[in-house]
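>
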Amino acid sequence: MTLIEPTPVKAAGRRSRAATGAGVPPPRGLRRHFRRYWQLWVMAAPAIAFVAVFSYIPMYGIQLAFREFDFTAGLTGGEWVGLKYFRQFFESPQFWTLMRNTVVISVTTLVVGFIAPIALALLVNQVIGRSRKKFLQTATYLPHFISIVVIVGMLQVFLSPTSGLITRFLEGLGLTGVNFLGDPSAFVPVYVISEVWQHCGWNSIIYLAALASVDTQLYEAAKIDGAGRLSIVRHIDLPALIPTMIVLLILNMGGVLNAGFEKIFLMQNPLNLSVSEVISTYVYKIGILSNQFSYATAIGLFNTAINFVFLVVTNQIAKRVANTSLW
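Quick note: my numbering has the sequence shown finishing at residue 360, numbered continuously throughout.
#1: How long is the line joining the alpha carbons of His177 and Leu153, rounded to whole angstroms?
#2: What ranges does the alpha helix (DSSP H) occupy inside the region 85-138, keeping only unbroken runs of at least 4 residues that lie completely in it?
#3: Would you call the CB atoms of Val185 and Met300 closer than 8 Å?
#4: With DSSP as the reference, label Val140 as helix, strand or coil.
#5: Comparing alpha-carbon positions, which option in Pro272, Gly261, Pro194, Ser237 lies nearest Asp248?
#6: Out of Ala82, Gln159, Lys117, state which residue places its alpha-carbon closest to the alpha-carbon of Asp270.
#7: So within the region 192-261, which uninterrupted alpha helix (DSSP H) runs reach at least 4 residues, ignoring any that extend past its ends?
#8: Taking one C-beta from the region 304-324 and one from the region 238-255 each time, how about it: are there three or more such pairs within less than 8 Å?
#9: Give the DSSP-derived three-state secondary structure of Ala292 in the structure shown.
#10: Using a 10 Å radius around the Cβ and a threshold of 16 neighbouring Cβ atoms, would you call Ile226 buried or exposed?
#11: Measure from the alpha carbon of Thr277 to the alpha carbon of each residue in Ile148, Thr195, Val229, then state which is nearest.
#12: DSSP three-state label for Asn305, please.
#13: Taking Cβ to Cβ, would you say Ile297 is nearer than 8 Å to Tyr252?
#14: Measuring only the C-alpha atoms, how far is Val182 from Leu188?
#15: Could you check whether the region 325-345 touches the region 251-265, counting it as contact only if at least three pairs of C-beta atoms, one from each stretch, sit closer than 8 Å?
#16: Less than 8 Å separating the beta-carbons of Asn356 and Asn291?
#17: In angstroms with no decimal places, state the Cα-to-Cα distance between Arg267 and Ile275.
#18: Starting from the Cα of Ser218, find the closest Cα among Ile138, Leu97, Lys117 and give me that residue.
#19: Please classify Leu206 as buried or exposed, where buried requires at least 16 other C-beta atoms within 10 Å of its C-beta.
#20: Using a Cβ-Cβ cut-off of 6 Å (strictly less than) and excluding sequence neighbours within five positions of Ile238, which residues of its own chain qualify?
#21: Out of curiosity, what's the CA-to-CA distance linking Leu265 and Ile199?
#22: Give the range of the alpha helix (DSSP H) segment to which Pro276 is assigned.
#23: When the distance is taken between beta carbons, is Val114 closer than 8 Å to Arg100?
#24: For the alpha helix (DSSP H) containing Thr171, list its first residue and its last residue.
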């Protein structure tokens, strides 16, 4: 009688799991954790140091929002005034104008800038032919690498009320007196369209990566069942993108009120100032140009607190609704 010994198989399985780390419970204790995962911590150390130096250490200056800044006493030497500068901002006649302009520009850019990369990724994914797909991707990526100063210069060249190419084209169609850069009602559309044009291709990369991970057998099975392109996009591509869409939406909500300072500041002029003055440009003018550092710090802290609240709320909603979250 021959005995069959299953022990070597189990032992081989244990050795395999031990070698790969799969299925092995995490070690208890901080010392054992670092002993096992020290390679990962070494790779993450530069990023941790960068965040600590440029994100956490500057938070020491937040106390300036609660103090009367004194040049001779430094950041911590001024008189403690509590919420004085927050109340001053809330009671300022410019408060609601700044909030309205910031929310309109930020939310419009967030919504349009969130949908456009998804649509572009779905479109590129449907293009047949590797060379055509690469050309389309390259053409849409390139604007992301153009400087903001150059982008604003291009807008002025194309939209100038006297010599702009688009303005002259509209004059040929009978539309005279168009001033996109000076008309307050045209500022938000021009800003949003330029933002989408510049960053849409770059932001679609992560969606294309998610679509590349879809099993090709699903497409073949759908085609055999007679599904068209729209049905494939609806029942295969979009469900595959949903987890990525939720994570990116949560990340974008963390900066919902951070309207782009550089482009808005460069596009500002006295004619569109009523709709182009946002919190970030106001903080720059109050803090740097007017030397009201405590007041500017309080406004910036208020803006950051609102963004943090939006981030936490969106993360909790996504966690309950779609079971996907950042933490």
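Glycine included, C-beta positions come from ideal geometry on N, C-alpha and C.
Based on what the coordinates show:
#1: Each residue's alpha carbon lies about 15 Å from the other.
#2: DSSP runs (the alpha helix (DSSP H)) wholly in the region 85-138: 117-123.
#3: Yes; because the gap between Cβ atoms is below 8 Å, this pair is in contact.
#4: Val140: helix per DSSP, three-state reduction.
#5: Nearest C-alpha to Asp248: Pro272.
#6: Measuring from the Cα of Asp270, the nearest candidate turns out to be Gln159.
#7: Taken in chain order, the unbroken stretches of alpha helix (DSSP H) that lie wholly in the region 192-261 and span 4 residues or more are 198-205, 217-236, 238-245, 249-257.
#8: Fewer than three beta-carbon pairs drawn from the region 304-324 and the region 238-255 are found closer than 8 Å, and the two stretches are therefore not classed as touching.
#9: Coil.
#10: Exposed.
#11: Out of Ile148, Thr195, Val229, Ile148 has the C-alpha closest to the C-alpha of Thr277.
#12: It is coil, neither helix nor strand.
#13: No, they are not a contact pair.
#14: Near 10 Å, if we compare the C-alpha coordinates of Leu188 and Val182.
#15: With the cut-off at 8 Å, the region 325-345 and the region 251-265 do not touch.
#16: It is not a contact, given that the beta carbons lie outside the stated cut-off.
#17: Rounded to the nearest angstrom, the two C-alpha atoms are 11 Å apart.
#18: When each option's Cα is compared against that of Ser218, the closest is Ile138.
#19: By the neighbour-count criterion, in which 16 or more other beta carbons inside 10 Å mark a residue as buried, Leu206 falls on the exposed side.
#20: Taken in chain order, the list of residues that qualify is empty.
#21: Reading off the sequence, residue 265 comes out as Ile, not Leu. Distance between the alpha carbons of Ile265 and Ile199 is about 38 Å.
#22: Counting along the chain, Pro276 sits inside the alpha helix (DSSP H) bounded by residues 271-286.
#23: Result yes, Cβ atoms of Arg100 and Val114 sit closer than 8 Å.
#24: Start and end: 163-174.
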